[in-house]
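Below is one structure; the comments refer to it alone.
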Amino acid sequence: MKIVTIFKKDWSKTIENLKRDYRLFGPVRENGFHNFKELDETELPDLDYSNTRLSPKSIIHPQSEVMFEYSLDKGNKDHHVLKETDKDYSPRTIIGIRPCDAAAFLIVRRNFDTAECKDPYWVNAYEATTFVGLACNNPSGTCFCTTADSGPFDEKGLDLLLVDAGDHFIAKIISSKGEDLIEKAGWEPGPDADASADRIKIMKQEAEAKIRSFVATDKLKDKTTRDLFDAPFWEDVAFSCINCGTCTYVCPTCWCFDIQDEIFGRSGIRMRNWDSCMYPLFTLHGSGHNPRSTRMQRVRQRFMHKLKYYVDKYGDGIQCVGCGRCVRLCPVNIDIRKVCGMMNSHE
Ligand code: SF4
Ligand code: SF4
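So this is what it looks like as structure tokens:
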């Protein structure tokens with residue numbers, strides 16, 4: 001196992017080095033909240049944060065993304081041709097991503113990168129990215145990652161894991177992409193790798209012990225889909241939902257999008273935008289029929305997808321990494337932990 005020590009006094013210099021080789025994305029505090037953005041020449045990632053409001057999924061899957069452009073103007077030599085929009089897939093790094101958010105990309109990958117179908121935009125962006133995680137020394141009260149197949153020091157989906165150890169970071173190299181990044185940053189192996197590895201183990205145990213929030217998922221697989229679908233609690237669960245879509249927009253494991261054309265005079269673009277199963281238009285058919293026309297049906301869909309359909313399809317976990325965003329940010333306090341408990345114990 002390779003371990004590197006990065007002293008915080010050298011931090012800005014190493015970030016400068018990284019910007020020479022990568023487009024660098026990191027958490028930045030703006031308007032009172034931390035969110036991920038591409039760092040400009042002078043910006044440093046602010047790693048003194050708990051978790052961002054929005055997950056970093058937009059770095060790989062932008063909220064709005066232009067796919068094609070076209071012109072209907074016969075004076076244009078390429079008129080009526082759908083032209084692919086140029087993209088920048090040069091190497092990029094997300095620095096300071098929380099382990100749960102990195103693990104979420106592996107769940108989402110099952111939708112965008114399969115043997116039958118590869119979404120070129122998602123796959124190219126994902127493969128161009130090096131993921132530098134930041135271990136959670138102090139998980140929030142709403143985090144339940146340890147019962148959602150992740151954890152505050154989870155290494156799944158990461159190339160490098162940074163552990164904040166006071167005046168320095170301990171960096172654990174996980175993949176060859178992580179190794180390349182270490183070289184480009186000019187980080188040198190630490191003086192005592194064994195002691196650092198032991199310290200990571202202790203800090204990991206301490207962080208995991210701080211998590212007080214859990215979900216029970218052990219019986220979901222054995223439930224009959226129809227029984228859960230027809231369970232009597234859905235009306236109660238959905239009663240206060242205002243279908244605002246916040247839970248799906250902030251969620252690192254929600255991937256739905258819609259494709260539409262925007263026309264400006266004789267030219268246009270074809271783009272995709274995040275969509276949400278919580279919106280009435282999401283399933284509206286051209287005929288006018290809507291199979292999920294009620295609020296209860298939409299709320300049920302969100303939870304059934306994450307906690308039953310996904311479970312049955314893949315057989316290894318739920319479509320949730322326990323980041324707690326939807327719990328914190330739902331304006332009417334609908335809580336996936338509670339709903340999961342109801343589904344898991346439904347007879
Ligand atoms: S955030 Fe809450 S109120 Fe908004 S759609 Fe989701 S469950 Fe409903
Ligand atoms: S469902 Fe909620 S807790 Fe789970 S990953 Fe999405 S936002 Fe986080």
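The numbering of the sequence shown is our numbering, which starts it at 1 and goes up by one. In this text, a Cβ means the ideal position worked out from N, Cα and C, and glycines have one as well.
Item checked: For N17 and A128, believed in contact at Cβ under 8 Å, the rounded distance -> So it is not a contact: roughly 19 Å between Cβ atoms.
Check: If we count the other Cβ atoms within 10 Å of its Cβ and call it buried at 16 or more, is R337 buried or exposed?
Finding: buried
Margin query: Measuring only from the beta carbon, is R302 closer than 8 Å to any heavy atom that is part of ligand 4?
Written below: By its list of ligands, the structure shown excludes ligand 4, since it contains just ligand 1 and ligand 2.
Notebook entry, point to check: Do the CB positions of V215 and C320 come within less than 9 Å of each other?
Noted result: yes
Checklist line | K156: CB within 8 Å of a non-hydrogen atom of ligand 2 | finding: no
Next item on the list: Using the Cα positions of S50 and K156, report the straight-line distance between them to the nearest angstrom.
Entry: Distance between S50 and K156, taken at the CA atoms: about 19 Å.
Check: Helix, strand or coil: how does DSSP classify E41 here?
Finding: Note: E41 maps to coil in three-state DSSP.
Notebook entry, point to check: Hey, which unbroken runs of the alpha helix (DSSP H) at 4 residues or more fall wholly within the segment 251 to 324?
Noted result: 295 to 304 and 310 to 314
Check: Can you pull the DSSP bridge partners for Y70?
Finding: G268
Margin query: Is G322 a contact residue of ligand 2, with contact defined as CB to any heavy atom under 8 Å?
Written below: yes
Item checked: Coil, strand or helix - G75 by DSSP -> coil
Item checked: Per DSSP, cross-strand counterpart(s) of R92 -> R23 and T129
Next item on the list: Apply the 10 Å Cβ neighbour rule to V81 and answer buried if 16 or more other Cβ atoms are within range, or exposed otherwise.
Entry: The residue is exposed, with fewer than 16 neighbouring Cβ atoms inside 10 Å.
Check: Going by other Cβ atoms of all chains shown within 10 Å of its Cβ, with 16 needed for buried, is I170 buried or exposed?
Finding: buried
Check: With contact counted as at least three CB pairs below 8 Å, one residue from each stretch, are the segment 191 to 206 and the segment 291 to 305 in contact?
Finding: no
Notebook entry, point to check: At a cut of 8 Å, does the segment 74 to 94 reach the segment 299 to 308 through at least three beta carbon pairs?
Noted result: no
Check: Based on the DSSP output, what are the partners of E347 in its beta bridges?
Finding: BP columns for E347 are empty, so no partner.
Next item on the list: Please determine, among E41, R212, N124 and I95, the residue with the shortest C-alpha to C-alpha distance to D109.
Entry: Note that residue 109 is Arg in the sequence shown here, rather than Asp. For the residues E41, R212, N124 and I95, the minimum Cα distance to R109 belongs to N124.
Checklist line | Boundaries of the alpha helix (DSSP H) in which F214 is found, first to last residue | finding: Counting along the chain, F214 falls outside any alpha helix (DSSP H), and DSSP gives it neither H nor E.
Margin query: Using only CA atoms, which one of E116, F36 and I6 lies nearest to I95?
Written below: F36
Next item on the list: Report the rounded CA-to-CA distance for L158 versus T224, giving the unit in angstroms.
Entry: Cα-Cα distance, rounded: 35 Å.
Next item on the list: Grab me the residues of D46's own chain with a C-beta within less than 7 Å of its C-beta, minus the 5 sequence neighbours each way, in chain order.
Entry: P27, V28, R29 and H34
Check: In chain order, what are the residues with a CB under 6 Å from some non-hydrogen atom of ligand 1?
Finding: My final list is C241, I242, N243, C244, G245, T246, C247, M278, C330, P331, V332 and I334.
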